[in-house]
Amino acid sequence: MVTSLARRLLDRYQKGLPVCSRPYAVMAAELGVTESELLDCLLHLQQDRVITRVGPVFDHHKAGASTLAALAVPPERLKAIADYVSHFDGVNHNYAREHDFNLWFVVTAGDQDALQNTLKRIETETQMPMLVLPMEKGYHIDLGFKLAWSEDAR
Amino acid sequence: MNQIAFPGLNEREQERLKAAIQDGLPLCPQPWLRLANDLGLSEAQVMHQVQLWTQEGMIKRMGLVVRHHALGYRANAMVVWNVPEDAVDALGERLRQSPYVNLCYRRRRQLPDWPYNLYCMIHGKDRAAVKAQIQELILTQQLQAYPHAILFSNQQFKQTGGHYARCAH
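Here the protein sequences come in this chain order: V and S.
Per my numbering, the very first residue in the first sequence carries number -2; after that it's consecutive.
Per my numbering, the very first residue in the second sequence carries number 359; after that it's consecutive.
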């Protein structure tokens, strides 16, 4: 279950985590708990996989090279191909979607050469039709949106 | 005194710091000190670099990175439209205003398989509600003329931070 402290943390600190020597103590003071209670809460959220991490979200463009890509995979091979795609360090998101192109993933890398190299390997190894769809312009990119809580939220 | 009393990080040190934080900060009382010790840098140097990255927009936000799926956001739709080049930017600027739209961007087409260039991501808890939001978006933004596709996600295989560090050790 998501505790009341966890909810308040998620409401307040999807952005704006202070960059100072004792950030968790500053956050704890704001939420009226101790530093160790706050760290416990973050550890639990991470263990329960409600959060993937506490830290920075880099701008894809400024931090390096990245692209969205997709494969059209026969359904019976989806899991195996998905696992193959996920094993690349630079693949940070990997989802099945309902479409002929049914496996969608984001590849990140330090530079364009490394990015193209990973894409080439995936295409060669899987032999599946592949889309490579680099971003041309971002209008709005914010996954730190305000969460809607309900009692059954889990 | 605005002068900084410690040296900035060189490129290699920056790459190492990026690699050290891209999967998250240590959950201990002094995370920056821990990172600095691991990297052979000072805490002040590390925090200064992170503040610089934030100012430059290299870091977009810093905080808890949510797996929405775990909080009941199971209906995740990627909606894509095929919009003429001369109309796409104005439309993107309008779509971003919608409270339903969490991500909105333009991507390169890949013809003939993929004619779509405008993308919106909508995260919801219920598929019917998300479909209704998409219909509302189409009506209010007069998108009826543009071919579109709705791709709901039905399985998540991986979600981590991007790995941008250039193999520095």
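Note that CB positions come from ideal geometry on N, CA and C, so glycine has one too.
Keep in mind the model is a prediction, meaning the values are calculated, not measured.
Spanning the alpha carbons of Ala26 of chain V and Asp381 of chain S requires a straight line of approximately 26 Å.
Straight-line spacing of the CA atoms in Ile480 of chain S and Met436 of chain S works out to 7 Å.
If you check each beta-carbon in the region 502 to 524 of chain S against every beta-carbon of chain V, the ones closer than 9 Å belong to Ala507, Ile508, Leu509, Phe510, Ser511, Asn512, Gln513, Gln514, Phe515, Lys516, Gln517, Thr518, Gly519, Gly520, His521, Tyr522, Ala523 and Arg524. Excluding its 5 nearest sequence neighbours in each direction, His96 of chain V has no C-beta neighbour in its own chain below 6 Å. In the structure shown, Met416 of chain S falls within a coil segment according to DSSP collapsed to helix, strand and coil. In this model, His427 of chain S and Pro365 of chain S are separated by some 42 Å (Cα to Cα). His41 of chain V has a beta carbon lying at 7 Å or more from every beta carbon in chain S. Here Gln468 of chain S is bridged, per DSSP, to S:Trp472. Among the residues facing chain S, Phe85 of chain V is not included, as its CB has no counterpart in that chain under 7 Å away. Secondary-structure assignment with DSSP links Phe510 of chain S through a beta bridge to S:Ala435.
Inter-segment contact for the region 486 to 493 of chain S and the region 433 to 449 of chain S is present: three or more beta-carbon pairs are separated by less than 8 Å. Between Tyr474 of chain S and Ala507 of chain S a beta carbon distance of about 7 Å is seen, short of the 8 Å cut, so the two are scored as contacting.
Counting only runs that start and end inside the region 44 to 98 of chain V, the beta strand (DSSP E) elements of at least 3 residues fall at 48 to 55, 62 to 68 and 88 to 94. The straight-line gap separating the alpha-carbon atoms of Gln113 of chain V and Tyr136 of chain V is approximately 25 Å.
Beta-bridge pairing by DSSP links Gly135 of chain V to S:Tyr463. Put simply, the CB of Leu385 of chain S is near chain V, with a gap under 7 Å to one of its CB atoms. Between the region 36 to 44 of chain V and the region 73 to 86 of chain V there are fewer than three C-beta pairs closer than 8 Å, too few to call the two in contact.
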